[in-house]
Structures are given as structure tokens and as C-alpha cells.
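So the sequence shown is residues 170 to 407, counted in the numbering used here. We put the CB at the ideal spot given by N, CA and C, even for glycine. Model, not experiment: these values are computed from the prediction. Since the structure comes first, as C-alpha cells, the remarks are kept for the end.
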Amino acid sequence: MDFNCWRCPSPDEKGAPSRLLTGKGPSVVVIFGHTGVGVSSLVNLIAGNPMSDYHPDTQTCTNKSKRYEITWPGSDRQFCLFEVRGFYGGVPETTLLNEIRRLEREEAIDLFIYCLRKQKSTVIPHIARQIKDNVTDGKVPVIAVVTELEKFEGIHMEDWWTTSTSLEQGKTNGKTLESMHKGMVFDAHACVTTLPPKDTDLVESLRKRREYSEELVRRLIVEQCASPKRTHSDSDGH
């Protein structure tokens with residue numbers, strides 16, 4: 170089952186409506202990651218529709234932070250996805266962090282989704298710690314979503330998280346990722362593929378993995394945003 174999606178104006182766009190933090194608005198979900206890891210593809214996976222541009226060769230394709238409103242069919246739940254431009258893609262780190270801080274001030278963030286791949290070069294521990302600890306003082310959950318696992322040889326992609334790593338003896342991939350972030354423990358995680366339907370529909374195993382990925386990430390979003398919408402009273406000092 171797909172979300173109903175449309176793009177709504179970013180806060181810096183002319184005529185963009187201000188959001189009153191009454192606790193009744195959409196849950197705000199911020200998706201971030203290293204440039205080229207596939208944040209745009211993850212947005213499309215969640216939406217079930219090609220909402221955001223993506224490039225099959227993992228080149229940077231998001232040159233401006235974007236926002237999308239999503240509703241769950243048959244439900245009054247609403248989500249606002251905020252796609253942040255990739256870190257280390259030419260935009261100063263401070264600029265992107267300030268964008269996230271502004272969003273927190275204006276709308277109160279409910280969930281962070283940290284998009285990364287299994288390669289160590291895609292991990293941005295310094296940024297992730299700043300976002301979790303400094304932007305919202307650790308009040309907002311962070312989900313780690315590891316993408317590009319469609320070729321993982323295990324029965325389930327999720328098994329990658331608990332598979333022993335070749336980098337550190339006695340550690341699993343998941344524990345190794347968390348240790349790279351100085352012991353930062355993610356509130357939830359998902360191991361997925363974000364391949365577009367055109368690349369999966371004709372191969373049953375890939376199609377099933379994409380369908381599983383959609384369902385898993387959506388379910389985690391709903392679970393992590395189960396509490397009432399955050400308000401300014403939850404975000405004093407930001």
C-alpha cells in the first residue's frame with residue numbers, strides 16, 4: 170500500500186505557510202547522510218513514488234533541501250519528510266546543520282533517519298553525534314538505515330546487521346557501526362535496498378526485497394512517531 174504524497178513548500182520559499190506547533194501537525198522526519206549514499210532513493214522508497222531525483226551511479230543529485238508531505242491511506246496520520254542535502258557534497262557542514270536547527274526551531278523534529286551504506290566511507294559519525302546530541306539534546310530518536318544490501322547473500326537483508334564483520338574480530342556489522350559513532354546506539358535500524366521498481370520488478374527476489382524494505386522503513390517511522398507531535402514546549406532552548 171502506497172502513501173499519498175505531494176511536495177509542500179520549504180520554509181525559505183516565498184509564501185510558505187508557517188507551522189504552528191500545536192501538537193496536531195504532521196510528524197516531522199528528517200533524512201540525512203553522506204553525499205551519494207542514496208537519501209533521494211530512500212525518500213522514493215518510503216513514498217512508493219518517484220518524489221525525489223536520484224542518480225543510479227550514486228552521484229550527488231540533491232542540490233537543495235526538500236520537503237514532502239505524506240499521508241497514510243485510511244489513516245489521519247501525516248508525515249513531513251525533510252530531505253537534507255548530502256554532507257560533504259560541497260555545501261559547508263555548518264550550513265546544513267543550521268538548516269536542521271532552523272527546522273527544529275520552526276516545526277520541532279520528531280525523527281531522524283540516518284542513511285548510510287556498508288562502506289566505512291559513507292559513515293559520518295561526527296555529524297550524526299552533533300545532530301542527535303546538540304540539535305535536540307538527545308530528545309529525538311535516530312534510525313539507521315543501511316542501503317544497497319540487495320546483493321547480501323543471507324536469507325534476509327536484516328541479517329547483515331548481526332553478521333560478523335571482517336573489520337573487527339568478534340563484532341557484528343551493527344556493533345561496528347555503533348562503535349564508529351563512539352558508542353551511539355540507534356533507536357532502531359533497517360537493512361534495505363532502495364533500488365527503483367524498474368530495476369526490481371522483473372526479478373522476483375529483488376522485487377520481494379524492495380517490498381520488504383518499503384514495509385520495514387514505513388513501519389519503523391510509524392513506531393518511532395507513535396507519540397504525539399512534538400511542540401516547542403518539548404524543544405526549549407532551540
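Exercise. So what does DSSP say about serine 290, is it helix, strand or coil?
Worked result: Residue numbering aside, residue 290 sits at position 121 when the sequence shown is read from its first letter. Helix, per DSSP.
Exercise. Terminal residues of the continuous alpha helix (DSSP H) containing glycine 154?
Worked result: Residue numbering for the chain in the displayed model covers 170 to 407; residue 154 lies beyond these limits and cannot be assessed.
Exercise. Can you tell me where the alpha helix (DSSP H) with serine 234 in it begins and where it stops?
Worked result: To locate residue 234, count along the sequence shown from 1; it is residue 65. Per DSSP, serine 234 belongs to no alpha helix (DSSP H) and is neither H nor E.
Problem set entry | Residue closest to threonine 305, alpha-carbon to alpha-carbon, out of Val361, Glu276, His350 | Looking up residue 305 in the sequence shown gives position 136. Closest option to threonine 305, judged by alpha-carbon separation, among Val361, Glu276, His350: Glu276.
Exercise. What did DSSP end up calling proline 180 once you bin it into helix, strand or coil?
Worked result: The residue labelled residue 180 in the question sits at position 11 within the sequence shown. Low confidence applies here, because proline 180 scores a pLDDT of 45, under 50, leaving its location unreliable; read the following figure in that light. Residue state, collapsed to three classes: coil.
Problem set entry | leucine 280 - partner residues in DSSP beta bridges | Position 111 of the sequence shown, counted from the first residue, corresponds to residue 280. Paired residue(s): Val198.
For this session: Tell whether a beta-carbon distance below 8 Å holds between methionine 284 and threonine 316.
Result: Here residue 284 is taken as the residue at index 115 of the sequence shown, counted from 1. Here residue 316 is taken as the residue at index 147 of the sequence shown, counted from 1. Residue identity differs from the one stated: residue 284 is cysteine in this sequence, not methionine. For cysteine 284 and threonine 316, yes; Cβs fall inside 8 Å.
Exercise. So, methionine 326 versus threonine 362, is the Cβ gap smaller than 8 Å?
Worked result: Here residue 326 refers to the residue found at position 157 when the sequence shown is read from its first residue. Here residue 362 refers to the residue found at position 193 when the sequence shown is read from its first residue. For the pair methionine 326 and threonine 362, the CB atoms are nearer than the 8 Å cut-off.
Problem set entry | For alanine 395, the three-state DSSP class (helix, strand or coil) | As a first step, residue 395 must be located in the sequence shown, where it is residue number 226. Correct three-state label for alanine 395: coil.
Exercise. Is the distance from the Cβ of phenylalanine 256 to the Cβ of valine 198 below 8 Å?
Worked result: Counting from 1 along the sequence shown, the entry for residue 256 is found at position 87. Counting from 1 along the sequence shown, the entry for residue 198 is found at position 29. Not a contact, by the Cβ cut-off of 8 Å.
For this session: Tell me whether arginine 188 sits in a helix, a strand or coil according to DSSP, three-state version.
Result: Translated into positions along the sequence shown, residue 188 becomes position 19. Its pLDDT being 46, under 50, arginine 188 is placed unreliably in this model, and the coordinates cannot settle the point.
Problem set entry | Paired residues, beta bridge with glutamate 252 - DSSP | Numbered from 1 along the sequence shown, position 83 holds the residue referred to as residue 252. BP columns for glutamate 252 point to Ile200, Lys235.
Problem set entry | Distance, glutamine 338 Cα to leucine 211 Cα | Working through the sequence shown from its first residue, we reach residue 211 at position 42. Working through the sequence shown from its first residue, we reach residue 338 at position 169. Spanning the two alpha carbons is a distance of roughly 31 Å.
For this session: Just the C-alpha distance for histidine 203 and tyrosine 381, rounded to the nearest angstrom, thanks.
Result: Translated into positions along the sequence shown, residue 203 becomes position 34. Translated into positions along the sequence shown, residue 381 becomes position 212. Spanning the two alpha carbons is a distance of roughly 24 Å.
Exercise. Are the Cβ atoms of alanine 215 and valine 386 separated by less than 8 Å?
Worked result: On the sequence shown, position 46 is the one that residue 215 refers to. On the sequence shown, position 217 is the one that residue 386 refers to. The identity of residue 215 in the sequence shown is isoleucine, whereas the question assumes alanine. Contact flag set, yes.
For this session: Just mark threonine 231 as buried or exposed, buried being the case when its beta carbon has 16 or more other beta carbons within 10 Å.
Result: Your numbering for residue 231 matches position 62 in the sequence shown. Residue confidence for threonine 231 is low, a pLDDT of 46 falling below 50, so the modelled location carries little weight; the figure read from the coordinates is stated next. It is buried - the Cβ of threonine 231 has at least 16 other Cβ atoms within 10 Å.
Exercise. According to the Cβ coordinates, are lysine 301 and methionine 353 closer than 8 Å?
Worked result: Position 132 of the sequence shown, counted from the first residue, corresponds to residue 301. Position 184 of the sequence shown, counted from the first residue, corresponds to residue 353. Yes.
For this session: With a threshold of 16 other CB atoms inside 10 Å of the CB of isoleucine 324, please say whether the residue is buried or exposed.
Result: Numbered from 1 along the sequence shown, position 155 holds the residue referred to as residue 324. Its Cβ having fewer than 16 others within 10 Å, isoleucine 324 is exposed.
Problem set entry | Counted within 10 angstroms of its Cβ, other Cβ atoms place alanine 395 as buried (16 or more) or exposed | In the sequence shown, residue 395 corresponds to position 226, counting from 1. Exposed is the call here.
For this session: For the beta strand (DSSP E) containing isoleucine 129, list its first residue and its last residue.
Result: Residue 129 lies beyond the residue range present for the chain, which begins at 170 and ends at 407; the question has no answer from this structure.
Exercise. Can you tell me whether DSSP reads valine 311 as helix, strand or coil?
Worked result: For this step, residue 311 is matched to residue 142 along the sequence shown. Correct three-state label for valine 311: strand.
Exercise. At what residues does the beta strand (DSSP E) containing histidine 358 begin and finish?
Worked result: Sequence index remark: in the sequence shown, residue 358 carries index 189 (1-based). Run containing histidine 358: 357-360, per the beta strand (DSSP E) assignment.
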